[in-house]
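Residue numbers (my numbering), protein chains in the order written: chain A, 42 to 215; chain B, 19 to 178. All C-beta atoms in this analysis are idealised placements derived from N, C-alpha and C, irrespective of residue type, glycine included. In this text the structure is predicted, and so the values were computed from the model without any measurement. Notes for the one structure printed next.
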Amino acid sequence: MFKYLRTIGIAAISVFMVASCSGPGEIHEYSVNDLEFSLEGPLFAGPNSGQAEISIDLAEALGEGYVEGMRISDARLTSATVTPNDTLGFANINAFIVSFASDNEDVSMQEAAVKNPLEEGAADASLAVAPEAELGEIMEEGKVYVVLDADLAEDYWDGNRDFKLNFTLELTIK
Amino acid sequence: MLRKLTFLAVSAVIAFGTLSFDLQQKSEDPGDRLVGIWEPSNGRSRIKIDRIGNKYYGRVVWLIEPNDPDGTPRTDINNPNPDLRNVPLRGFRMCKDFVYQGDDQWSEGTLYDPNNGSTYQGTITMRDMNTLDMRGYIGVEAIGRTDVWKRLKMPSRKKK
Numbered sequence: 042m043f044k045y046l047r048t049i050g051i052a053a054i055s056v057f058m059v060a061s062c063s064g065p066g067e068i069h070e071y072s073v074n075d076l077e078f079s080l081e082g083p084l085f086a087g088p089n090s091g092q093a094e095i096s097i098d099l100a101e102a103l104g105e106g107y108v109e110g111m112r113i114s115d116a117r118l119t120s121a122t123v124t125p126n127d128t129l130g131f132a133n134i135n136a137f138i139v140s141f142a143s144d145n146e147d148v149s150m151q152e153a154a155v156k157n158p159l160e161e162g163a164a165d166a167s168l169a170v171a172p173e174a175e176l177g178e179i180m181e182e183g184k185v186y187v188v189l190d191a192d193l194a195e196d197y198w199d200g201n202r203d204f205k206l207n208f209t210l211e212l213t214i215k
Numbered sequence: 019m020l021r022k023l024t025f026l027a028v029s030a031v032i033a034f035g036t037l038s039f040d041l042q043q044k045s046e047d048p049g050d051r052l053v054g055i056w057e058p059s060n061g062r063s064r065i066k067i068d069r070i071g072n073k074y075y076g077r078v079v080w081l082i083e084p085n086d087p088d089g090t091p092r093t094d095i096n097n098p099n100p101d102l103r104n105v106p107l108r109g110f111r112m113c114k115d116f117v118y119q120g121d122d123q124w125s126e127g128t129l130y131d132p133n134n135g136s137t138y139q140g141t142i143t144m145r146d147m148n149t150l151d152m153r154g155y156i157g158v159e160a161i162g163r164t165d166v167w168k169r170l171k172m173p174s175r176k177k178k
């Protein structure tokens, strides 16, 4: 059962950081590209989930700018785009939602971006981000679960549906 | 040739052993008994619970009334975050962050009521493999409400 319910994302992550300065902490842009999601079939009409893991290593991301003890104090999603990663494109997809979660029992999953409805014939889906979604505590955990929910218009029995996600976070680092 | 065959046979045994162990590990996680499709007592929705990391989450996968009167799919119009009021209600994750505590109990999670946009603390108790007590409360667990959920079987492929 669990095997059926679980979908596995394989991350192909490329990361770049752009730093700028601000008062309470340094603000950095952190981008994740081509994060792969596979929604394992059979899939039923309605919502279906895929998940992938990322880990944010500040030392690696900041390079020489990293100072021991630095931590993420706040994180906001600034953009998220889904692209198809199979020949089916967005056929029979009504909507996408992107959420973030961690293993920390004290930190709740956050929905951070939505596309509803999805335009017919679109080559990619630029999601509306929820700037109020506070992702700092989740990102600080290091291991982060990224969840992509796709709402299917009808059942799909013939395999998996594959997508890629690009997103950018604005991290405040102290 | 014989050495090759022996190598292949040993590799297959090791691979099978590893796979079996892996499957056993997954199926033996007692918290995963919560995974499945459940129906609240009012029968107006169905919730699919699955696991992300070490926590359990439940999404609405079926609604008796999936659309508004104008025919458009219902969205989470009562969400306190205005940016998320466009999220489809079918698919909404209304149970979040439940952690298995042992003794057929999951807690530390929240239950969201899309009818009023309120979020409650929650505990889940499994009476038996097909019955859950879902308890929502604010602050004090003793003061809350419990709903009984029943497990549904996974649908099988439609005949064409």
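Where do the ends of the alpha helix (DSSP H) carrying residue i lie?
| i | result |
| --- | --- |
| Ile179(A) | Gly177 to Glu181 |
| Leu99(A) | Leu99 to Leu103 |
Pick out whichever of the options has its Cα sitting closest to the Cα of residue i.
| i | options | result |
| --- | --- | --- |
| Ser125(B) | Leu150(B), Gly109(B), Asn104(B) and Asp131(B) | Leu150(B) |
| Val158(B) | Lys171(B), Met144(B) and Gly140(B) | Gly140(B) |
| Leu141(A) | Glu101(A), Leu212(A), Glu160(A) and Val185(A) | Sequence inspection shows Phe at residue 141(A); the Leu mentioned does not correspond to that position. Out of Glu101(A), Leu212(A), Glu160(A) and Val185(A), Val185(A) has the C-alpha closest to the C-alpha of Phe141(A). |
| Glu152(A) | Ser79(A), Ala171(A), Ala136(A) and Ala163(A) | Ala171(A) |
| Val78(B) | Ile142(B), Asn134(B), Trp56(B) and Asn104(B) | Trp56(B) |
| Pro83(B) | Lys168(B), Asp68(B) and Leu107(B) | Residue identity differs from the one stated: residue 83(B) is Glu in this sequence, not Pro. Comparing Cα positions, the closest option is Leu107(B). |
| Glu195(A) | Leu84(A), Asp75(A), Tyr71(A) and Asp165(A) | Leu84(A) |
| Ser167(A) | Ser79(A), Arg202(A), Ala136(A) and Asp192(A) | Ala136(A) |
| Pro132(B) | Gly89(B), Arg145(B), Pro98(B) and Gly162(B) | Pro98(B) |
| Leu76(A) | Ile95(A), Thr128(A), Lys156(A) and Glu109(A) | Ile95(A) |
| Asp190(A) | Arg153(B), Leu170(B) and Ile70(B) | Ile70(B) |
| Pro88(A) | Tyr197(A), Arg117(A), Lys215(A) and Val108(A) | Tyr197(A) |
| Thr124(A) | Glu181(A), Asp115(A) and Leu159(A) | Leu159(A) |
| Met150(A) | Leu170(B), Asn72(B), Arg103(B) and Arg153(B) | Asn72(B) |
| Arg163(B) | Leu170(B), Arg153(B) and Arg169(B) | Arg153(B) |
| Glu175(A) | Ser114(A), Ala163(A), Asn133(A) and Lys205(A) | Ser114(A) |
| Leu102(B) | Leu129(A), Tyr107(A) and Val155(A) | Val155(A) |
List the residues of chain B that residue i touches, going by C-beta distances under 9 Å, in chain order.
| i | result |
| --- | --- |
| Pro172(A) | Asp101 |
| Asn157(A) | Pro91, Thr93, Asn104, Val105 and Pro106 |
| Ala142(A) | Ile70, Gly71, Lys73, Tyr75, Lys114 and Asp115 |
What is the residue span of the beta strand (DSSP E) that residue i lies within?
| i | result |
| --- | --- |
| Pro132(B) | Premise fails: Pro132(B) is in no beta strand (DSSP E) and is neither H nor E. |
| Val79(B) | Lys73 to Leu81 |
| Glu109(A) | Neither: Glu109(A) is in no beta strand (DSSP E) and is coded neither H nor E. |
| Lys215(A) | No beta strand (DSSP E) contains Lys215(A), which DSSP labels as neither H nor E. |
| Leu69(B) | Strictly speaking, residue 69(B) in this sequence is Arg, with Leu absent from that position. Ser63 to Ile70 is the span of the beta strand (DSSP E), which, as asked, contains Arg69(B). |
Run down chain A in chain order and give the residues with a C-beta less than 7 Å from the C-beta of residue i.
| i | result |
| --- | --- |
| Glu126(B) | Glu146 |
| Tyr6(B) | Given that chain B is displayed from residue 19 to residue 178, the structure contains no residue 6(B) and the question cannot be resolved. |
| Lys114(B) | Ser149 and Met150 |
Taking C-beta pairs closer than 8 Å, name the residues in chain B that residue i reaches, listed in chain order.
| i | result |
| --- | --- |
| Val188(A) | Ile70 |
| Ile134(A) | Within 8 Å Cβ-Cβ: nothing; Ile134(A) doesn't reach chain B, min ~12 Å. |
| Ala169(A) | Asp101 and Asn104 |
List the residues of chain A that residue i touches, going by C-beta distances under 8 Å, in chain order.
| i | result |
| --- | --- |
| Trp80(B) | Gly87 |
| Arg108(B) | Gly87, Pro88 and Asp192 |
| Val117(B) | Glu146 |
| Arg163(B) | Near Arg163(B) there are no residues of chain A at all, since even the closest Cβ is about 21 Å away, more than 8 Å. |
| Arg62(B) | Correct list: empty, because the minimum Cβ distance to chain A is about 15 Å. |
| Arg153(B) | Within chain A, no residue comes near Arg153(B); the closest Cβ sits about 18 Å away, beyond 8 Å. |
What does DSSP give as the partner residue(s) for residue i in the beta ladder?
| i | result |
| --- | --- |
| Asp122(B) | Answer is none; Asp122(B) lacks a bridge partner. |
| Gly49(B) | Looking at the DSSP assignment, Gly49(B) forms no beta bridge with any residue, so it has no partner. |
| Glu77(A) | Lys205(A) |
| Thr124(A) | Lys205(A) |
| Lys168(B) | Glu57(B) and Thr149(B) |
| Thr128(B) | Lys114(B) and Gln139(B) |
| Asp85(A) | Residue identity differs from the one stated: residue 85(A) is Phe in this sequence, not Asp. Per DSSP, none; premise fails for Phe85(A). |
| Leu189(A) | Gly91(A) and Val139(A) |
| Ser149(A) | None; Ser149(A) has no bridge partner. |
Starting from the C-beta of residue i, find all residues in its chain whose C-beta is less than 7 Å away, skip the five residues before and the five after it, and write them out in chain order.
| i | result |
| --- | --- |
| Tyr118(B) | Pro48, Gly49 and Trp124 |
| Gly183(A) | Ser96 and Ile97 |
| Val56(A) | Note on Val56(A): pLDDT 43, under 50, position unreliable in the model; the coordinate value appears next. Around Val56(A): Tyr71, Ser72, Val73 and Ala102. |
| Lys114(B) | Tyr75, Gly127 and Thr128 |
| Arg51(B) | Met144 and Met147 |
Looking only at its chain, what residues have a beta carbon closer than 6 Å to the beta carbon of residue i, apart from the 5 residues adjacent to it on each side?
| i | result |
| --- | --- |
| Asp199(A) | none |
| Thr137(B) | Thr128 and Tyr130 |
| Pro58(B) | Asp165 and Trp167 |
| Leu81(B) | Ser63 and Arg108 |
| Asp146(B) | none |
| Ala116(A) | Leu176, Gly177, Met180, Leu210 and Leu212 |
Kindly list the residues whose CB is nearer than 8 Å to the CB of residue i, restricted to its own chain and excluding five residues on each side of it in sequence; keep chain order.
| i | result |
| --- | --- |
| Cys62(A) | Its pLDDT being 43, under 50, Cys62(A) is placed unreliably by the model, and the measurement read from it follows with that caveat. So the list reads Ile68, once near-sequence residues are dropped. |
| Asp181(B) | Limits of chain B in this structure are 19 at one end and 178 at the other, which puts residue 181(B) out of reach. |
| Phe39(B) | A caution first: Phe39(B) carries a pLDDT of 43, below 50, which makes its placement in the model too unreliable to give a value. |
Would you mind telling me which residues of chain B sit closer than 7 Å to residue i, beta carbon to beta carbon, in chain order?
| i | result |
| --- | --- |
| Asn207(A) | By Cβ distance, chain B contributes nothing, its closest Cβ being about 20 Å from Asn207(A), past 7 Å. |
Against residue i, what residues of chain A qualify as contacts under a CB-to-CB distance less than 9 Å, listed in chain order?
| i | result |
| --- | --- |
| Arg169(B) | The contacting residues do not exist; Arg169(B) stays about 11 Å from chain A at best. |
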